[in-house]
Amino acid sequence: MRRLSDSFSWLGAAALAAAAWTAASPALAADPHGAADWPRQPVTLIMGFPAGSGVDVVARSVQEPLSQKLGQPVIIDYKSGAAGNIASEYVARAKPDGYTLAFGTAATHGSNAALYKKLPFDVEADFAPVGTLIDVSNVLTINPNVIDAKTLKEFVDIVKANPGKYNYASTGNGAGTHMAFAEFNARLGLNMVHVPYKGGPEAITSVVRGETCCIMNQVQTVLPHYKAGKVRLLGVTTAKPVAAVKEVPPIAASGLPGTQGFDSSIWFGIFAPKGTDPAIVHKLNTALREVLEQPEVRQRFESQGNTVRIETPEQFARTVHQDRAKWAQVVKDAKISVD
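In this note's numbering, the protein residues as written are 12 to 350.
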């Protein structure tokens with residue numbers, strides 16, 4: 012018969028082994044219940060941009076339907092600033108339990124890695140990609156009273172004939188609107204002056220007022236001004252036409268040297284902290300895909316000038332990796348720095 016002391020010794024060893032195994036599994040340590048009954052409480056989506064911004068509008072479009080799919084409220088918590096880096100760092104340091112997520116973009120988890128040399132997190136290694144939502148097309152938008160071009164070729168010819176004369180607006184130094192124009196200028200050898208603003212409303216207003224000649228901004232942002240006849244659209248930055256402005260051709264289809272393959276669209280997506288249980292990530296991805304497949308959600312996004320983009324976590328991880336490399340090259344070629 013086994014002695015009582017032996018039993019205690021065996022139980023102690025088992026307990027130590029279990030503790031060590033738990034410590035080696037971040038997801039299990041953060042959530043001892045595992046993914047089986049996740050979510051059991053509200054899920055918080057950390058937003059790195061101001062309320063009412065284009066990014067926020069997209070997040071709010073899926074907030075309620077995603078809450079319904081998960082069976083728990085999805086709460087948007089704003090931690091804006093530093094081009095989304097404040098929010099990204101917060102999520103990178105959060106418990107990997109599936110209850111704190113980041114709403115990211117091709118800027119926060121792509122170009123920022125090249126623009127900011129001392130980020131306190133890694134845009135790939137510190138996150139678990141959940142899934143994409145949409146591709147956001149920018150569109151080359153001009154004030155015809157400042158630069159009277161009716162086609163993309165006319166625009167390029169005018170700018171080339173007047174190096175350094177024309178100012179283009181962006182929603183901030185290093186923002187997606189800046190990066191799109193920087194890539195465009197580098198490809199076509201244009202010499203323009205960059206004028207960064209604090210956000211979308213200020214930037215597009217500068218074009219409408221004639222303070223700057225042009226901008227590459229989100230279709231949904233410029234659409235009201237376009238319909239009012241205040242601005243002219245010369246080309247979308249996606250490889251294919253955009254449903255909301257189908258009469259505007261892609262820049263890549265212009266035939267101009269340097270524009271072949273031009274695609275400066277920006278994706279929006281959701282990330283979890285690294286170490287999140289893959290089963291939770293899969294649940295989130297499935298719920299997100301089902302939301303994006305709803306006809307009313309798809310129609311809403313398309314009417315705003317966006318294109319629904321559905322990817323698995325594995326596909327999304329590849330997208331992040333490829334875009335990080337792409338934007339690093341654009342930053343190098345355009346000699347952009349924000350540090």
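Even glycine gets a Cβ: it sits at the ideal position worked out from N, Cα and C.
Under DSSP, Gln229 forms a beta bridge with Asn149. Here Pro53 is exposed. Its C-beta has fewer than 16 other C-beta atoms within 10 Å.
In chain order, Ile145, Leu303, Arg309 and Phe312 place their CB closer than 7 Å to the CB of Val319, counting only its own chain and leaving out the 5 sequence neighbours on each side. By the criterion of a C-beta distance shorter than 7 Å, Asn296 is surrounded in its chain by Val141, Gly142, Thr323 and Pro324, once the five residues flanking it on both sides are discounted.
For Asp48, the three-state secondary structure derived from DSSP is coil. If you look at Val218, you'll find it in the alpha helix (DSSP H) that goes Gly211 to Arg220. With fewer than 16 other Cβ atoms from the protein chains shown falling within 10 Å of its own Cβ, Gly63 counts as exposed. For the region 229–259, the full-length alpha helix (DSSP H) segments reaching 4 residues or more read 230–238 along the chain. In the DSSP assignment, Phe60 falls outside any alpha helix (DSSP H) and carries neither an H nor an E. Ranked by Cα distance from Glu301, the options Val342, Val73, Ala46 and Thr162 are led by Val73. For Tyr179, the enclosing beta strand (DSSP E) has its first and last residue at Asn178 to Ser181.
Gly280 has its alpha-carbon roughly 12 Å from the corresponding atom of Asp67.
Taking one beta carbon from each stretch, the region 213–232 and the region 182–193 have 3 or more pairs nearer than 8 Å; the two touch. The closest CA to that of Gly211, considering only Glu194, His205, Gln231 and Asn173, is found on Gln231. The beta-carbon distance between Gly286 and Pro50, rounded to whole angstroms, is 17 Å. This is too long to meet the 8 Å contact definition. In the three-state scheme derived from DSSP, where H, G and I count as helix and E and B as strand, Val319 is classed as strand. Thr223 is positioned such that its CB atom lies closer than 7 Å to that of Asn178.
For Thr330, the enclosing alpha helix (DSSP H) starts and ends at Pro324 to Ala345. The C-alpha of Ser217 lies about 7 Å from the C-alpha of Ala180. Distance between Ile87 and Thr116, taken at the CA atoms: about 16 Å. Counting only runs of 4+ residues, the alpha helix (DSSP H) found wholly inside the region 63–95 occupies 65–81, in chain order. Annotated three-state conformation of Ala117 is coil, per DSSP. Here Glu194 is near Ser275, since their CB atoms are less than 7 Å apart.
Within the same chain, Ile153 and Pro155 come within 7 Å of Arg243 by CB-CB distance, once the 5 residues on both sides are set aside.
Three or more beta-carbon pairs drawn from the region 87–102 and the region 55–62 are found closer than 8 Å, and the two stretches are therefore classed as touching.
Bounds of the alpha helix (DSSP H) holding Gly187 are Gly187 to Leu199. DSSP places Ile277 inside the beta strand (DSSP E), whose first and last residues are Ile277 to Pro284. Val150 places its beta carbon less than 7 Å from that of Val247. Around the beta carbon of Glu307, a 10 Å sphere encloses fewer than 16 other beta carbons of the protein chains shown; the residue is thus reported as exposed. DSSP places Leu267 in the coil class of the three-state scheme, outside both helix and strand. Taking all protein chains in view, the Cβ of Pro261 is crowded by 16 or more other Cβ atoms within 10 Å, so the residue is classified as buried.
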